[in-house]
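Novice: In short: position in the sequence shown from 1, add 389, done, that's this note's numbering.
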Amino acid sequence: MTRPLVIVGCGGFGREVLDVVDAVNAIEPQWDFLGFVDDGPTEDNLAIVDRMGHRVLGGVSWLDQAPPDTAVFIGIGDGAVKERIDKAARTFGLDSGVLIHPTASVGALLDVAPGTIICAGVRITTNVRIGRHVHVNLGATVGHDTELGDYVSVNPLAAISGNVTIGARAMVGTQAAILQGLTVGMDSTIGGAAMVVKDVSENVVVKGVPAR
Ligand SMILES: CC(C)(COP(=O)(O)OP(=O)(O)OC[C@H]1O[C@@H](n2cnc3c(N)ncnc32)[C@H](O)[C@@H]1OP(=O)(O)O)[C@@H](O)C(=O)NCCC(=O)NCCS
Numbered sequence: 390m391t392r393p394l395v396i397v398g399c400g401g402f403g404r405e406v407l408d409v410v411d412a413v414n415a416i417e418p419q420w421d422f423l424g425f426v427d428d429g430p431t432e433d434n435l436a437i438v439d440r441m442g443h444r445v446l447g448g449v450s451w452l453d454q455a456p457p458d459t460a461v462f463i464g465i466g467d468g469a470v471k472e473r474i475d476k477a478a479r480t481f482g483l484d485s486g487v488l489i490h491p492t493a494s495v496g497a498l499l500d501v502a503p504g505t506i507i508c509a510g511v512r513i514t515t516n517v518r519i520g521r522h523v524h525v526n527l528g529a530t531v532g533h534d535t536e537l538g539d540y541v542s543v544n545p546l547a548a549i550s551g552n553v554t555i556g557a558r559a560m561v562g563t564q565a566a567i568l569q570g571l572t573v574g575m576d577s578t579i580g581g582a583a584m585v586v587k588d589v590s591e592n593v594v595v596k597g598v599p600a601r
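(1) Any idea if Pro457 is buried or exposed, counting beta-carbon neighbours within 10 angstroms, 16 or more meaning buried?
(2) With a Cβ-Cβ cutoff of 8 Å, do Gly520 and Val495 count as a contact?
(3) Using a Cβ-Cβ cut-off of 6 Å (strictly less than) and excluding sequence neighbours within five positions of Thr554, which residues of its own chain qualify?
(4) With distances taken Cα to Cα, identify the nearest neighbour of Arg479 among Val487, Ala460, Ala469, Leu488.
(5) With a CB to CB cut of under 6 Å and the five nearest residues on each side skipped, what residues in its chain are close to Cys399?
(6) Between the alpha carbons of Thr492 and Ala412, how many angstroms are there, rounded?
(7) Counting C-beta neighbours from all protein chains within 10 Å, is the total for Asp475 16 or more, i.e. buried, or is it exposed?
(8) Using 7 Å as the cut-off, classify the Cβ of Pro545 as near or not near the heavy atoms of ligand 1, replying yes or no.
(9) Which term fits Thr505, buried or exposed, when burial requires 16 or more other beta carbons within 10 angstroms of its beta carbon?
(10) Rounded to whole angstroms, how far is the Cβ of Gly562 from the Cβ of Gly574, which I believe are closer than 8 Å?
(11) Please determine whether the Cβ atom of Asn592 lies at a distance below 7 Å from any heavy atom of ligand 1.
(12) Check Ser450 in the structure and name its three-state DSSP category.
(13) With DSSP as the reference, label Arg479 as helix, strand or coil.
(14) Do you know offhand how far Asn526's Cα is from Val410's?
(15) Mark Asp408 as exposed unless 16 or more other C-beta atoms lie within 10 angstroms of its C-beta, in which case mark it buried.
(16) So what's Asp433 in DSSP terms, helix, strand or just coil?
(17) Would you say the beta carbon of Thr578 is closer than 7 Å to some non-hydrogen atom of ligand 1?
(18) Report back the beta-carbon spacing between Gly468 and Ala559 to the nearest angstrom; my notes put them in contact at under 8 Å.
(19) Which of the three DSSP states is assigned to Ile489 in this structure?
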């Protein structure tokens, strides 16, 4: 039996999330994609959604009329936005599931909360804890005993070593690397291609090699 699913945000990443849904369903049908939800879709995105044969159902308030047990996935990278939409969805009595692309690999003891999306080619090893609505994007790696807090976004090809802790809503830029045992504070941003060699405090932007 399939479960209804909506994706919040019909922009580029939202449509990439649908790729993950389609890849999962191609192995075994699990999800019934109802459509996108978007408070302000651009004309370009509406045209692409139309070409895909799908539709935008309405804004986030549409979730109030979603079928019971609809899973809400968020196709928007910003951690604070993800938290706000997650809270709205839960006030409508909706939660989510977990999406793992069939080409991703995960190790033992993966503990992952609802809403999390693990994209194609991701490698996650052993004893990793992942919070709510975390995005682990194309080809990223996450090492042993690491913790990704709620609403974290890990962008494509980032390399997170073992025993790393990343606080809520932080963003790890594309191709950034974080060395083992380090902590990234909540709400912080790691720039693309940065090499993080020491702890990063809360609510800061670091970039470069070494990151500062
Ligand atoms: C680091 C980052 C957050 C900075 O954003 P910002 O504050 O808007 O910075 P700006 O674009 O104004 O650039 C400020 C300066 O930092 C430099 N800079 C920007 N990003 C950098 C990076 N990743 N590494 C090194 N230098 C960088 C710019 O060249 C500029 O230098 P200048 O002052 O000498 O001209 C952003 O550039 C970044 O790397 N984001 C990651 C995005 C990502 O992963 N995208 C993939 C989505 S799937």
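For every residue, glycine included, the Cβ atom is placed at its ideal position computed from N, Cα and C. Predicted model only: the values in this text are computed from it and were never measured.
Specialist: So, from the listed chains and residues:
(1) Counting from 1 along the sequence shown, the entry for residue 457 is found at position 68. Its Cβ having fewer than 16 others within 10 Å, Pro457 is exposed.
(2) Taking the first residue of the sequence shown as 1, we reach residue 520 at position 131. Taking the first residue of the sequence shown as 1, we reach residue 495 at position 106. Taking 8 Å as the Cβ cut-off, Gly520 and Val495 do not qualify as a contacting pair.
(3) The residue given as residue 554 occupies position 165 in the sequence shown. For Thr554, where only same-chain residues beyond five positions count, the Cβ hits under 6 Å are Glu536, Thr572.
(4) Position 90 of the sequence shown, counted from the first residue, corresponds to residue 479. The shortest Cα separation from Arg479 among Val487, Ala460, Ala469, Leu488 belongs to Ala460.
(5) As a position in the sequence shown, residue 399 is number 10, starting the count at 1. The beta carbon of Cys399 is closer than 6 Å to those of Phe425, Asp427, Pro430, Asn434, Val438, Val445 in its chain, skipping five residues each way along the sequence.
(6) Translated into the one-based positions of the sequence shown, residue 492 becomes position 103. Translated into the one-based positions of the sequence shown, residue 412 becomes position 23. Whole-angstrom Cα-Cα distance: 9 Å.
(7) On the sequence shown, residue 475 is found 86 positions in, with the first residue counted as 1. Asp475 sits buried, since 16 or more C-beta atoms from the chains shown fall within 10 Å of its C-beta.
(8) On the sequence shown, position 156 is the one that residue 545 refers to. Checking the Cβ of Pro545 against ligand 1 gives yes.
(9) Translated into the one-based positions of the sequence shown, residue 505 becomes position 116. Buried: at least 16 other Cβ atoms inside 10 Å.
(10) Here residue 562 refers to the residue found at position 173 of the sequence shown. Here residue 574 refers to the residue found at position 185 of the sequence shown. The pair is not a contact, with the Cβ atoms about 16 Å apart (cut-off 8 Å).
(11) Here residue 592 corresponds to residue number 203 of the sequence shown, with the count starting at 1. In terms of side-chain proximity, the C-beta atom of Asn592 is found no nearer than 7 Å to any non-hydrogen atom of ligand 1.
(12) Residue 450 sits at position 61 when you count from the first residue of the sequence shown. If DSSP states are grouped into helix, strand and coil, Ser450 belongs with the helices.
(13) Within the sequence shown, numbered from 1, the residue matching residue 479 stands at position 90. In the three-state DSSP reduction, Arg479 falls in the helix class (H, G or I).
(14) In the sequence shown, counting from the first residue as 1, residue 526 sits at position 137. In the sequence shown, counting from the first residue as 1, residue 410 sits at position 21. Spanning the two alpha carbons is a distance of roughly 14 Å.
(15) One-based indexing of the sequence shown puts residue 408 at position 19. With fewer than 16 Cβ atoms within 10 Å of its Cβ, Asp408 is classed as exposed.
(16) Locating residue 433 in the sequence shown gives position 44, where the first residue counts as 1. Helix.
(17) In the sequence shown, counting from the first residue as 1, residue 578 sits at position 189. Distances between the C-beta of Thr578 and the heavy atoms of ligand 1 include at least one below 7 Å.
(18) Here residue 468 corresponds to residue number 79 of the sequence shown, with the count starting at 1. Here residue 559 corresponds to residue number 170 of the sequence shown, with the count starting at 1. In this structure Gly468 touches Ala559 by the C-beta definition: roughly 7 Å separates them, less than 8 Å.
(19) The residue given as residue 489 occupies position 100 in the sequence shown. DSSP places Ile489 in strand when its eight states are reduced to three.
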